[in-house]
Every structure is written in structure tokens, then in C-alpha cells.
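Number of protein chains: 2
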Amino acid sequence: MPRPKVHDDALRVRLLERAGHTLSAKGLRALSLRQLATDVGTSTTAVYSLFGGKPALLTALFDEAFHRFGTHLATVTPSDEPFEDLVQLGIAYRASALDDPHFYEVMFGTIRADITMDPGSLARAAGTFEPLLRMVRRAIDAGALRAEEPSVIAMSLWAMVHGLVSLEMRGFLPPGAPDPGQAFSKAVRANLAGWRP
Amino acid sequence: MPRPKVHDDALRVRLLERAGHTLSAKGLRALSLRQLATDVGTSTTAVYSLFGGKPALLTALFDEAFHRFGTHLATVTPSDEPFEDLVQLGIAYRASALDDPHFYEVMFGTIRADITMDPGSLARAAGTFEPLLRMVRRAIDAGALRAEEPSVIAMSLWAMVHGLVSLEMRGFLPPGAPDPGQAFSKAVRANLAGWRP
DNA sequence: AGGGTAGCGCAACGCTGTTCTAGAACCTCT
DNA sequence: AGAGGTTCTAGAACAGCGTTGCGCTACCCT
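If you want it as C-alpha cells, here you go:
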């Protein structure tokens, strides 16, 4: 009875890729279903049958964003200096965020309030920071950090890095500072130093 | 030749107050010019003649938000323990943000990209953190913190606090933690400890 | 070959911010 | 006092949004 599906998984992928591209290039404001459908050569109905609506499409982009982020952070491989590894992880975090601010916005921006996040997505997002937790544990074991609850230290470092990046993207860094990157790693090091034995 | 103005400064104030109220209560998404005009008993034209459009209205709210924020932070009065004063300032920051998340969003959220910020607004916003800078200097003078560049330490503390609050509001705090407030002050203290002499 | 039906493009709905327009309300000048 | 001129404002019009419903299309099964 049916007819050959046009709204298949391949179209889903194309929509998602195109949406990600538009998001990166022009920001969330410029991402409209009508334009997206036109770009891909289909109708807005496709987004509804394949995703369920715009919030659901954004949820998919949310997943995609964390996937990319996690991949980028994974390039930081552990060395024999656990303390410095954590600093490098922070630097990679900043680089990734500044490299694609719009995707970063999808992960940590206001959108979160508009879209209904399924538990799976949230869990995967949280899982992105598993490597961080492991590195903190390694640093504790190596005696580079105090034997505090690892999740507390990890959260502290994450907040520091996220806060710095967030303020930098909003233009709230003090105008006097010449090199934001240098101030960044300095602040991260100081924060980690607060957890030294 | 003219006729008595209806779009006077009093109406401007009423619009701004009503907009602030709606923002607090229902968030930025619910703030529409049509609804706002209806609520205040005027037409959308008023917003255009008194502000210039929605972005300009948001800029006014941005100013208002930082004013409120600054007033709230000013309630933290210096004691004879400069180190602890900084912790208390952080706690006040968190309380203010969680007390009115939508206003906090206007200050540090995505909106920043949509509205054209005049230098005056940005300068006033930055000025809100003058007290923080003073407290850091006091702490350095008292020997509670290292003699680093005060703005760097202030920025580090601000980023820490902002990052924690931001992650907490987004639901990214580790589920295990029982009391976010306690974890917050602990993290702030650890961050400050990193700047100790 | 001809229903039956699932799938899909397109138009319509209600909303948004913004712009345009027509008329109302006042002051000034005759 | 009355007419004219000018400024100001409310509301309609416009373009675009996400979403929903309609109706045609194109296939599978009998």
C-alpha cells in the first residue's frame, strides 16, 4: 500500500549535516526549517516525519555537538605528567569552543530551556566528561592533586574552563590583557594549584 | 503644531518595568512586543518611538539587569577577613543569578549576539565588577593572596563563579552531589586557595 | 487493471518583528 | 473664531517563522 519512502534515513543524515553546517556558519538564528528544507531539496514535512519538529532537530544537533566535542577532547592523550595533562585538556576545550562557537552555544546556551532533552542525550553529554574524571583520578593517584572527591575537582576545573571561555566569547575579558590564551592557561593552572596536596 | 505626546518618558518607564516583569516571570521567549504593548495599554509603535525596536529594548533590559546585579552584590560589605569576603561575594553572585535566571540570561546568554551593545552599556556592565577588583586588591594588601595582577585573579574568580552557576542552571552538576551550595563554596575556596601566597 | 492507502508537497493558520499609512489632535495664523 | 498645517500615534500590511491539515500522487495487493 505504501509508496517508496523519500523521507528515509539518508535524507535524515543530509538534513542533519546541512543543519550543522548552517548552524556553524550563520548561527542558530539563521536556522529555519523552511530554508533548511529548500537547501536540501525537500519540504518542511521531512523534518516533521524524520525528527518531529524543530526542538527535536535541535536535540539531534545537541547530540552531534557533544559528539564532536568529545572527539576533539579525546585528542589529548595522557602523558607522564598528569597535572599538565589537565591543563592541556582545558586548552583543547577552549580551542574547540572558540573554533565553533555556535555549536558550543547549542551545548551550553539558552536553547537548553526550549528543547526537551531525553535522558539518553543528557547521559551521553555527561559522558563526554568521563575522560576528564579519569585524568583527575590519575593526577590524584600520582600525588599531583589532593585526595578529594574526584568529581568535585573535575567539576571545579570544568566550571573554570567553561566560565573563562564563556566570558571570553561574550567579550567580558579585561581589555588590558594582551593574550587571552596565556591568561587562560594561567588561570587554569592557578585553579588546579588550589587542589594540590 | 505638534500634539501632546503620549509616548513620553513615563510610558518608557512603564514599558521597561512591564518588560522586566514578564522577563522574570515567563522568560525571554514570552516577551513579545505586541503582548507588551497590550499589557501597558499602548501600541507596538511606542516601543519603536521610545526605544527603536526589540533589540534596543533588550539593551535597556541588559542595563537594568546589570544595575540590579550590582546592587545585589553591593550588599556584601568588607569585613576584616578579605579572603572570606571574596567567598561571600561569590555566594551572593550565585544567589542573585539563581534568584532571577532570566535576567542572568540577558546578561550572559546568547542574546548578546543579537543586540547591538553601545560602549556605554558595556562599560557600565564591566563596572559592576569594580567591587570585586577592590576586594581582590584588599586581599592582596592583607597578604591573603599572592601579589599577582589583581585583574587576573578577579577574572579567575569571576570565571569560576560564573561557570559553576552556569553549569548548575543547565543541570550539568553531578547527580551525586547532595548540596550544590556547599559544593559551590568549596570550589570557590579551592580556586582562591590557588592564588594564596 | 483497478482500488486502497500510505506518503508527501503545499497551502493555510497563528504568531513574530518591522514598516507604512491614514487619520486624529493639537498649535498657529488669519 | 475658524481654517490650515504639522506632528504623532494606532492599526493595518508585509515578510517570515514553526506547525498543522488538506489533498493529490504513486505505489502494492487483489
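Going line by line, the protein sequences match chains A and B.
Positions 403 to 599 (our numbering) are the ones given, in order, by the first sequence.
Positions 403 to 599 (our numbering) are the ones given, in order, by the second sequence.
Don't be surprised by glycine CBs; every beta carbon is placed ideally from N, CA and C.
Treat the numbers as computed from the prediction; the structure is a model and nothing was measured.
Outcome for residue i when other beta-carbon atoms lying within 10 angstroms are tallied against a minimum of 16
i	result
Val-408 of chain B	exposed
Thr-461 of chain A	buried
Gly-422 of chain A	buried
Met-403 of chain B	Caution is warranted here: a pLDDT of 48 is assigned to Met-403 of chain B, below 50, making its placement in the model unreliable, and no coordinate value can be reported.
Thr-479 of chain A	exposed
Ser-451 of chain B	exposed
Glu-570 of chain A	buried
Ala-585 of chain A	buried
Val-415 of chain B	exposed
Trp-597 of chain B	buried
Gly-578 of chain A	exposed
Thr-512 of chain B	buried
Ala-525 of chain A	exposed
Whole-Å CB distance - residue i paired with residue j, under 8 Å assumed
i	j	result
Asp-465 of chain A	Ser-523 of chain A	5 Å
Asn-593 of chain A	Ser-558 of chain B	7 Å
Ala-527 of chain A	Phe-453 of chain A	That pair is no contact at about 18 Å.
Leu-433 of chain A	Thr-424 of chain A	5 Å
Val-508 of chain A	Leu-463 of chain A	6 Å
Lys-456 of chain B	Leu-435 of chain B	6 Å
Leu-566 of chain B	Ala-499 of chain A	Wrong, their Cβ atoms sit about 17 Å apart, outside the cutoff.
Thr-530 of chain B	Gly-472 of chain B	4 Å
Leu-413 of chain B	Leu-438 of chain B	So it is not a contact: roughly 12 Å between Cβ atoms.
Pro-606 of chain A	Arg-548 of chain A	Because residue 606 of chain A is not part of the residues shown, which for chain A are 403 to 599, the question remains open.
Arg-572 of chain A	Phe-510 of chain B	6 Å
Ser-553 of chain B	Pro-580 of chain A	Actually they are not in contact, since the Cβ atoms of Ser-553 of chain B and Pro-580 of chain A sit about 12 Å apart, beyond 8 Å.
message: So, does the stretch 494 to 512 of chain A touch the stretch 543 to 556 of chain B, judging by three or more C-beta pairs under 8 Å?
response: Result no; under three Cβ-Cβ pairs closer than 8 Å.
message: In chain order, what are the residue ranges of uninterrupted alpha helix (DSSP H) at least 4 long that sit wholly in the stretch 518 to 581 of chain A?
response: Annotation note: the stretch 518 to 581 of chain A contains the following uninterrupted alpha helix (DSSP H) runs of length 4 or greater, listed N- to C-terminal: 521 to 529, 532 to 543, 552 to 571.
field: Segment contact flag, the stretch 526 to 540 of chain A with the stretch 579 to 591 of chain A, C-beta cutoff 8 Å, min 3 pairs
entry: Remark: fewer than three beta-carbon pairs, one from each stretch, lie closer than 8 Å, so the stretch 526 to 540 of chain A and the stretch 579 to 591 of chain A are not flagged as touching.
query: Is it true that the stretch 476 to 495 of chain B meets the stretch 472 to 491 of chain A, where meeting means three or more beta-carbon pairs spaced less than 8 Å apart?
result: A contact is defined here as three or more CB-CB pairs under 8 Å, and the stretch 476 to 495 of chain B fails this definition with respect to the stretch 472 to 491 of chain A.
field: Sufficient close CB pairs (3 or more, under 8 Å) joining the stretch 437 to 445 of chain B to the stretch 511 to 521 of chain B
entry: A contact is defined here as three or more CB-CB pairs under 8 Å, and the stretch 437 to 445 of chain B fails this definition with respect to the stretch 511 to 521 of chain B.
task: Scan the stretch 418 to 504 of chain A and note each continuous alpha helix (DSSP H) run of 4 residues or more that stays entirely inside, going in chain order.
output: Taken in chain order, the complete alpha helix (DSSP H) segments of 4 or more residues contained in the stretch 418 to 504 of chain A are 435 to 442, 446 to 452, 456 to 475, 484 to 501.
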